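**Student:** I am attaching a structure below and will ask some questions about it afterwards.
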Amino acid sequence: MTSSDLQGLYQELILDHSRAPYGYGLREPIAAQSHQLNPTCGDEITLQMHRAPDGTIEAVAWEGHGCAISQASASLFAELVEGMPEDEVIKRIDAFREAMRSRGRIEPDAELLGDAAALGGVSKYVARVKCAMLAWVAAEDALRKG
Amino acid sequence: MHNTASIVDTLTEAEVLRLREDFPILQTEVNGHPLVYLDSGATAQRPLGVLDAERDYLLNLNAAVHRGAHTLAAEATDAFEDARETVARFVGADADEIVWTSNATEAVNLVAYSLSNASAGRGGAEADRLRLGEGDEIVTTEMEHHANLIPWQELAARTGATLRVIPLDDDGALRMEEAARLIGPRTRIVAVTHVSNVLGVINPIEEVIALAREAGAMVLLDACQSAPHLPLDLHALDVDFAVLSGHKMLGPTGIGALYGRRDLLEAMPPFLTGGSMITTVTTTEAAYLPPPQRFEAGTQRVSQAIALAAAVRYLEQVGMPRIAAHEAELGALLVDGLGAIDGVRVLGSGIARPRVGLASFDVAGIHAHDIGQILDDAGIAVRVGHHCAQPLHRRLGITASTRASTYLYTTRDEVDAVIAGVARAIDFFRRR
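Protein sequences appear in the order of chains D and U.
Position one of the first sequence corresponds to residue 1323 (this note's numbering), numbered consecutively onward.
Position one of the second sequence corresponds to residue 552 (this note's numbering), numbered consecutively onward.
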């Protein structure tokens, strides 16, 4: 009844993450933080990058509301980058963005992006790319702010 | 006025199918399914006659209007002014009370900036009564489209006037007792929408207008969602200003109109200035033409105005009371059908007011984008998001909703399709 593209967009893994998101709930003390808004739909996210003393990302904490794609994407990002050095996180954000902007031409690299590669189907739906990018843009902004 | 709709014959199924032949885009397929276009509240489709009118003008008459003395220029000017007359008649106004704008947003801004310019001392003694300052109040409502809210926020900020907002009740209806309290001697202008672009409800504007009249305040009516769907008589309503959007009423994008009461337009200083709106110009100052030309600086949207007039004639030929009756039926089907689905809240469904063919809804636990995506997969086009009405959504405790909106070419089958599609979408997310 639904197309294969749509089944690809809303994979089981994505729906699971949207229902029980990982990293949900902001923490004290406030770490590097960013608030991002999708003005076309009003979806928003506040995301914190908590650094360990050695500079790796100890935890990602976030709160927000939005569609299944945006919520799952934030959850998958939080799960992916935990324990990672900052430059590795940036590398993954760049790779994710490249795949998202490819209009379905670039399959996300599962080795690099782990379960977040399941979001590859989003890139065929141009109107939804912003939903998937929201958390990743917030993370990039938070890291840039230091 | 709208009550006439209920005693008028609606469009028959056969008539709607015949009308649909004038809109070839409705025969297209989207994602392997016949298009079910339920986003006319955002932009309506255009019939062939409207496209032909624009093309005919460009093929046979195209010339600069209101400048130049050659035959073609004179004919083009006639056609342009005929279009103004046609649109004026359609909304119950006189031709010299209609100002062409790029869109309804520009029309609201035209009024706001003209009042702002008057407040800054422009427009001479005639504009005295239009000046705003500290102690003056501008009244709008919590349900407005951003286009009928932000220009007033900005006007208040520039002039020192205070913006007062008529709140909504839990259903989303205007709280009229608050309107009666807020509209008073300090009120200078009341800006209110005729039909909410989210709720589809026809507001009790006669009461709002009466309150404004009593207070000696001006009224600006946002008619973007009413003029395409209901018979409209601006003189009978006794509003001072009204704004129209061409592309929501079968016309082109890039054209809208401002209706302004003659004596007000005559007193108003211009908003945009430049060519085609002047009488005498020196290097230091200029004198301006009377309205509507005073407010039509620069090259005008001639072919768009002519196409909009063709759209209006098309609507008149079908008959606005019958279109209103058809859409009232579809609107009721939408509200009842969507409201009957478990977990669906139709916004404004508790409001005991007549409505147009438009319904927005929230689904518990499922975001509007996700509902819209499943519908799109089946070729059903709806609007998702805040529909440029964030304060209204916030008041109803949500950030986004899904909106289905009809027009004269919408069939009952299409309404059934979106209702079934929403049920299917909910099933898709709940089952898995």
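Glycine residues also receive a C-beta, built at the ideal position from the N, C-alpha and C atoms.
Values in this document were obtained by computation on a predicted structure and should not be read as measured data.
What did DSSP end up calling U:N611 once you bin it into helix, strand or coil?
**Tutor:** Walking along the second sequence from the start, residue 611 of chain U turns up at place 60. Of the three classes helix, strand and coil, the one that applies to U:N611 here is helix, per DSSP.
**Student:** Do the stretch 773-788 of chain U and the stretch 636-648 of chain U touch if we need at least three Cβ pairs shorter than 8 Å?
**Tutor:** These segments touch.
**Student:** Could one say the Cβ of D:T1368 lies closer than 7 Å to chain U's Cβ atoms, at least one of them?
**Tutor:** Numbered from its first residue, the first sequence carries residue 1368 of chain D at position 46. Answer no: the Cβ-Cβ gap between D:T1368 and chain U never drops below 7 Å.
**Student:** If we cut at 7 Å on Cβ distances, does D:L1390 have a partner in chain U?
**Tutor:** Position 68 of the first sequence, counted from the first residue, corresponds to residue 1390 of chain D. The amino acid occupying residue 1390 of chain D in the given sequence is Ala; Leu does not appear at that position. Yes, because at least one Cβ of chain U sits closer than 7 Å to the Cβ of D:A1390.
**Student:** Less than 7 Å between C-beta atoms, sequence neighbours within five positions excluded: which residues of the same chain meet that for U:I649?
**Tutor:** Here residue 649 of chain U refers to the residue found at position 98 of the second sequence. So the qualifying residues of the chain are R635, V638, A639, A808, Y810 and P843.
**Student:** Would you call D:G1347 buried or exposed, if buried means 16 or more other Cβ atoms sit within 10 Å of its Cβ?
**Tutor:** Position 25 of the first sequence, counted from the start, is the residue given in the question as residue 1347 of chain D. Looking at its Cβ environment, which holds fewer than 16 other Cβ atoms inside 10 Å, D:G1347 is exposed.
**Student:** Could you work out which residue in U:T652, U:A968, U:A910 and U:A860 is closest to U:V794 when comparing CA atoms only?
**Tutor:** Within the second sequence, numbered from 1, the residue matching residue 794 of chain U stands at position 243. Ranking U:T652, U:A968, U:A910 and U:A860 by Cα distance to U:V794 puts U:T652 first.
**Student:** Please classify D:K1452 as buried or exposed, where buried requires at least 16 neighbouring CB atoms within 10 angstroms.
**Tutor:** Numbered from its first residue, the first sequence carries residue 1452 of chain D at position 130. That one is buried.
**Student:** Please report the residue range of the beta strand (DSSP E) in which D:V1382 lies.
**Tutor:** Residue numbering aside, residue 1382 of chain D sits at position 60 when the first sequence is read from its first letter. I1379 to H1387 is the extent of the beta strand (DSSP E) around D:V1382.
**Student:** Checking contacts by CB at 7 Å: is D:G1364 closer than that to chain U?
**Tutor:** Within the first sequence, residue 1364 of chain D is the residue found at index 42, counting from 1. Yes, because at least one Cβ of chain U sits closer than 7 Å to the Cβ of D:G1364.
**Student:** What does D:Q1358 pair with, by DSSP beta-bridge criteria?
**Tutor:** To locate residue 1358 of chain D, count along the first sequence from 1; it is residue 36. DSSP, once it has assigned bridges, lists D:I1367 as partnering D:Q1358.
**Student:** Using only alpha-carbon positions, find the residue among U:Y958, U:F574 and U:R982 that is nearest to U:K799.
**Tutor:** Here residue 799 of chain U refers to the residue found at position 248 when the second sequence is read from its first residue. Per the Cα distances, U:Y958.
**Student:** Taking the C-alpha atoms as reference points, what is the distance between U:I949 and U:S956?
**Tutor:** For the purposes of this step, residue 949 of chain U is taken as residue 398 along the second sequence, with counting starting at 1. For the purposes of this step, residue 956 of chain U is taken as residue 405 along the second sequence, with counting starting at 1. Those two C-alpha atoms are separated by around 20 Å.
**Student:** How far does the beta strand (DSSP E) with U:V739 in it extend, from its first residue to its last?
**Tutor:** As a first step, residue 739 of chain U must be located in the second sequence, where it is residue number 188. Checking the sequence, you will find Arg at residue 739 of chain U rather than Val. T738 to T744 is the extent of the beta strand (DSSP E) around U:R739.
**Student:** Less than 7 Å between C-beta atoms, sequence neighbours within five positions excluded: which residues of the same chain meet that for U:N611?
**Tutor:** On the second sequence, position 60 is the one that residue 611 of chain U refers to. Nothing meets the Cβ criterion.
**Student:** Once DSSP output is grouped into helix, strand and coil, what is the label at U:A856?
**Tutor:** Mapped onto the second sequence, residue 856 of chain U falls at position 305. Helix, per DSSP.
**Student:** Rounded to whole angstroms, what's the CA-CA distance from U:A971 to U:L889? Just pull it up for me.
**Tutor:** Stepping through the second sequence from its first residue, residue 971 of chain U is reached at position 420. Stepping through the second sequence from its first residue, residue 889 of chain U is reached at position 338. Distance between the alpha carbons of U:A971 and U:L889: 9 Å.
**Student:** For D:H1387, which residues in chain U fall below 7 Å Cβ to Cβ?
**Tutor:** Within the first sequence, numbered from 1, the residue matching residue 1387 of chain D stands at position 65. In chain order: T950.
**Student:** Would a C-beta distance cut-off of 7 Å place U:V741 and U:R715 closer than the cut-off?
**Tutor:** Taking the first residue of the second sequence as position 1, residue 741 of chain U is located at position 190. Taking the first residue of the second sequence as position 1, residue 715 of chain U is located at position 164. Cβ distance not < 7 Å, so U:V741 and U:R715 don't count as in contact.
**Student:** Residues of chain D with CB closer than 7 Å to the CB of U:G936, please, in chain order.
**Tutor:** Mapped onto the second sequence, residue 936 of chain U falls at position 385. Simply T1362, C1363 and G1364.
**Student:** Helix, strand or coil for U:V587? Go by DSSP, reduced to three states.
**Tutor:** By one-based count along the second sequence, residue 587 of chain U stands at place 36. Correct three-state label for U:V587: strand.
**Student:** Tell me whether the beta-carbon of U:A919 lies closer than 7 Å to the beta-carbon of U:A891.
**Tutor:** Along the second sequence, one-based indexing puts residue 919 of chain U at 368. Along the second sequence, one-based indexing puts residue 891 of chain U at 340. No.
**Student:** Give the residues of chain U in contact with D:T1324, contact being defined as C-beta atoms less than 9 Å apart.
**Tutor:** Taking the first residue of the first sequence as position 1, residue 1324 of chain D is located at position 2. Chain U residues near D:T1324: I925, D928, A929, R975 and F979.
**Student:** Quick one: list the residues of chain U neighbouring D:L1435, beta-carbon separation under 7 Å, in chain order.
**Tutor:** Here residue 1435 of chain D is taken as the residue at index 113 of the first sequence, counted from 1. Correct list: empty, because the minimum Cβ distance to chain U is about 22 Å.
**Student:** If you follow the alpha helix (DSSP H) that U:A903 is in, where does it begin and where does it stop?
**Tutor:** Taking the second sequence and counting its residues from 1, one reaches residue 903 of chain U at position 352. Premise fails: U:A903 is in no alpha helix (DSSP H) and is neither H nor E.
**Student:** May I ask you to list, following chain order, the residues of the stretch 1335-1350 of chain D that have a beta carbon less than 7 Å from some beta carbon of chain U?
**Tutor:** So the close ones are L1337.
**Student:** Taking the alpha-carbon of U:R764 as reference, which of U:D789, U:C775, U:D679 and U:V616 has the nearest alpha-carbon?
**Tutor:** By 1-based counting over the second sequence, the position of residue 764 of chain U is 213. Per the Cα distances, U:D789.
**Student:** Under 7 Å, do D:P1343 and D:S1397 count as touching if we go by C-beta distance?
**Tutor:** Taking the first residue of the first sequence as position 1, residue 1343 of chain D is located at position 21. Taking the first residue of the first sequence as position 1, residue 1397 of chain D is located at position 75. Closer than 7 Å, so yes.
**Student:** Kindly identify the DSSP beta-bridge partner or partners of U:R934.
**Tutor:** Taking the first residue of the second sequence as position 1, residue 934 of chain U is located at position 383. Its beta-bridge partners are U:R954.
**Student:** With 16 as the cutoff for other CB atoms within 10 Å, does U:A556 come out buried or exposed?
**Tutor:** Residue numbering aside, residue 556 of chain U sits at position 5 when the second sequence is read from its first letter. Reliability fails at U:A556, whose pLDDT of 45 lies under 50, so the model's placement of it is uncertain and no value is given.
**Student:** For U:Q704, return the contacting residues in chain D, with the cut-off set at a CB-CB distance below 7 Å.
**Tutor:** As a position in the second sequence, residue 704 of chain U is number 153, starting the count at 1. The premise fails here: U:Q704 is roughly 17 Å from chain D at the closest Cβ pair, so nothing lies under 7 Å.
**Student:** Since D:A1394 and D:S1340 are thought to touch, with beta carbons under 8 Å apart, how far apart are those beta carbons, to the nearest angstrom?
**Tutor:** As a position in the first sequence, residue 1394 of chain D is number 72, starting the count at 1. As a position in the first sequence, residue 1340 of chain D is number 18, starting the count at 1. Right, the Cβ-Cβ distance comes to about 4 Å (below 8 Å), so this counts as a contact.
**Student:** Please tell me whether U:H920 has its Cβ less than 7 Å away from any Cβ of chain D.
**Tutor:** As a first step, residue 920 of chain U must be located in the second sequence, where it is residue number 369. Yes, because at least one Cβ of chain D sits closer than 7 Å to the Cβ of U:H920.
**Student:** Return the chain-ordered ranges of every beta strand (DSSP E) run that is complete within the stretch 749-791 of chain U and spans a minimum of 3 residues.
**Tutor:** Complete beta strand (DSSP E) runs here, min 3: 769-773.
**Student:** Residues of chain U with CB closer than 9 Å to the CB of D:L1398, please, in chain order.
**Tutor:** Your numbering for residue 1398 of chain D matches position 76 in the first sequence. What D:L1398 touches in chain U: nothing, since even the nearest Cβ is about 16 Å away.
**Student:** Below 8 Å on the Cβ atoms is my guess for D:Y1332 versus D:A1390; work out the distance and round it to an integer in Å.
**Tutor:** Looking up residue 1332 of chain D in the first sequence gives position 10. Looking up residue 1390 of chain D in the first sequence gives position 68. Yes, they are in contact, since the Cβ atoms of D:Y1332 and D:A1390 sit about 7 Å apart, within 8 Å.
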